[in-house]
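All remarks here apply to the structure that follows.
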Amino acid sequence: MGSQVQSECEPAKRSPLLNVIAEVLCMVFDLVKVLSISIPLLLLSVVKILVPSKLKNVRGQTVLITGAGNGLGKAMALEFANRGSNLVIVDVDLEAAERTCAELRRERSVAAYAFRVDVSSYEQVEALVDNVYKNVGPVDVLINNAGVVGFNFLQDADEANINRMIDVNVKSVIWMTKHFLKRMIERKRGHIVSISSLAGIHPLPWATVYSTSKHAVNGFMGALTEQLRLQGHAGEIRTSCVNPYYISTRKDITDFLKKPRFGILTTEYTAKCIVEGVLRNEATITVPRFFGLGVKFMQ
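In case it helps, my numbering puts the sequence shown at residues 289 to 587.
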């Protein structure tokens, strides 16, 4: 009697053919759902590329850029200076930072201040914030640009280089953002920008640790954006995460990338694209801009 009731309560088993049909239908449904979400986003991205929004005015505002003694940081400083911004140049190389400031004052007629700071040091960053706000004033735009690049497989990377890459590429972004964010929240205005890389979206096997560090930057900026939204600061404080392709900032990079799939970007072109993206309040900036379509689809 008991066994008879149990057999009557058991669900009927489907045939293997019905299982296959059910799985195929689920896959088709999932594909349609993904396409229905992604296609409008891709079309919106195309429209934004073809019809970019108006650039905000940063004349007279103060922009702080780390690692701006040379390369991309310096190029971005010149771009902001072209728009009338005052600059705070932070670099571990004080002489390079002062040369950048001298060029900004001489050729762009803007105020420029140089500070020597190891941005991977919590204590030095904490002191920098007090120093800047005391001697320069509030910072309107913070750009976390300082970074270390390394092309090697994991087993070929030594401990010192790994630690330095994580300290500069990840910890410095967190330390700088943590300290300046508090002041921006008090003022109810600000813009935080972090320079990541396409290697932070698509894994780069021949730069394992570097790619890992840039994935961390993308994750941090995404979480920060959501934090500001939840805390009610999204309309006051903007965030931008920048993912450029390979940039010709150093000879060892161009030597390593002898035949890249796409042309290596110049620092001037990259800086112009980044600054324009920041002035459009874009949360995610890719260089070149059309790479953003692929990023949207992957996300």
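Here a beta-carbon is modelled for each residue, glycine too, at the ideal position from N, C-alpha and C.
Quick one: residues in its chain with C-beta nearer than 7 Å to the C-beta of Ile562, no 5 flanking neighbours on either side, listed in chain order?
Numbered from 1 along the sequence shown, position 274 holds the residue referred to as residue 562. Taken in chain order, the residues that qualify are Met364, Val530, Ile573, Val575.
Straight-line Cα distance separating Leu512 from Glu524:
Counted from its first residue, the sequence shown places residue 524 at position 236. Counted from its first residue, the sequence shown places residue 512 at position 224. Across the structure, Glu524 and Leu512 are spaced so that their CA atoms are roughly 14 Å apart.
For Trp463, count the other beta carbons within 10 Å of its own beta carbon; 16 or more makes it buried, fewer makes it exposed. Which is it?
Counting from one through the sequence shown, the residue named residue 463 turns up at place 175. So Trp463 ends up on the buried side.
With DSSP as the reference, label Tyr645 as helix, strand or coil.
Residue 645 is absent from the model: the chain starts at 289 and stops at 587.
Selected residue, minimal CA-CA separation from Val461, among Arg471, Asn419, Tyr410
Along the sequence shown, read from residue 1 onward, the residue named residue 461 stands at position 173. Nearest to Val461 by C-alpha distance, out of Arg471, Asn419, Tyr410, is Tyr410.
Any chance the segment 362-376 sits against the segment 443-455, with 3 or more Cβ pairs inside 8 Å?
Contact between the segment 362-376 and the segment 443-455 is absent, because fewer than three Cβ pairs lie under 8 Å.
By a C-beta neighbour count over all protein chains shown, 10 Å radius and 16 as the cutoff for buried, is Val320 buried or exposed?
By one-based count along the sequence shown, residue 320 stands at place 32. That one is exposed.
Just grab the DSSP bridge partners of Phe403 for me.
If you number the sequence shown from 1, residue 403 lands on position 115. In the DSSP assignment, the residues bridged to Phe403 are Val378.
Whole angstroms are fine: how far does the CA of Glu311 sit from the CA of Glu406?
Here the question's residue 406 lines up with position 118 in the sequence shown. Here the question's residue 311 lines up with position 23 in the sequence shown. Sequence inspection shows Asp at residue 406; the Glu mentioned does not correspond to that position. C-alpha separation (whole angstroms): 55 Å.
Asn506 by DSSP, collapsed to three states: which one?
The residue labelled residue 506 in the question sits at position 218 within the sequence shown. If DSSP states are grouped into helix, strand and coil, Asn506 belongs with the helices.
Looking only at its own chain, which residues have a Cβ that is under 6 Å from the Cβ of Val566, when we skip the five neighbours before and after it?
Counting from 1 along the sequence shown, the entry for residue 566 is found at position 278. Excluding positions up to five away in sequence, the list reads Val481, Ser528.
Could you name the residues of the same chain whose beta carbon sits closer than 8 Å to that of Arg393, not counting the 5 residues immediately before and after it, in chain order?
Position 105 of the sequence shown, counted from the start, is the residue given in the question as residue 393. Short of 8 Å from the beta carbon of Arg393, and not among the five residues preceding or following it, lie these beta carbons of its own chain, in chain order: Ala399, Ala400.
Using the Cβ count rule (16 or more neighbours within 10 Å means buried), how would you classify Asp379?
Walking along the sequence shown from the start, residue 379 turns up at place 91. By the neighbour-count rule (16 or more Cβ atoms within 10 Å), Asp379 is buried.
Tell me which same chain residues have a C-beta within less than 7 Å of the C-beta of Ala384, skipping the five on either side of it?
Here the question's residue 384 lines up with position 96 in the sequence shown. Correct list, in chain order: Gly357, Asn358.
Between the CA atoms of Cys314 and Glu474 - distance to the nearest angstrom:
Walking along the sequence shown from the start, residue 474 turns up at place 186. Walking along the sequence shown from the start, residue 314 turns up at place 26. C-alpha separation (whole angstroms): 50 Å.
By how many angstroms is the C-alpha of Arg347 removed from the C-alpha of Ala504?
Position 216 of the sequence shown, counting from 1, holds the residue named residue 504. Position 59 of the sequence shown, counting from 1, holds the residue named residue 347. Using only the alpha carbons, I get a separation of about 32 Å.
Exposed or buried, what is Pro304 when buried is set at 16 or more other beta-carbons lying within 10 Å of its beta-carbon?
One-based indexing of the sequence shown puts residue 304 at position 16. Burial check for Pro304: the Cβ neighbour count within 10 Å stays below 16, so the residue is exposed.
Take Gly510 and list the residues in its own chain whose beta-carbon comes closer than 8 Å to its own, dropping the five residues that flank it on each side.
Within the sequence shown, numbered from 1, the residue matching residue 510 stands at position 222. Answer for Gly510: Cys529, listed in chain order.
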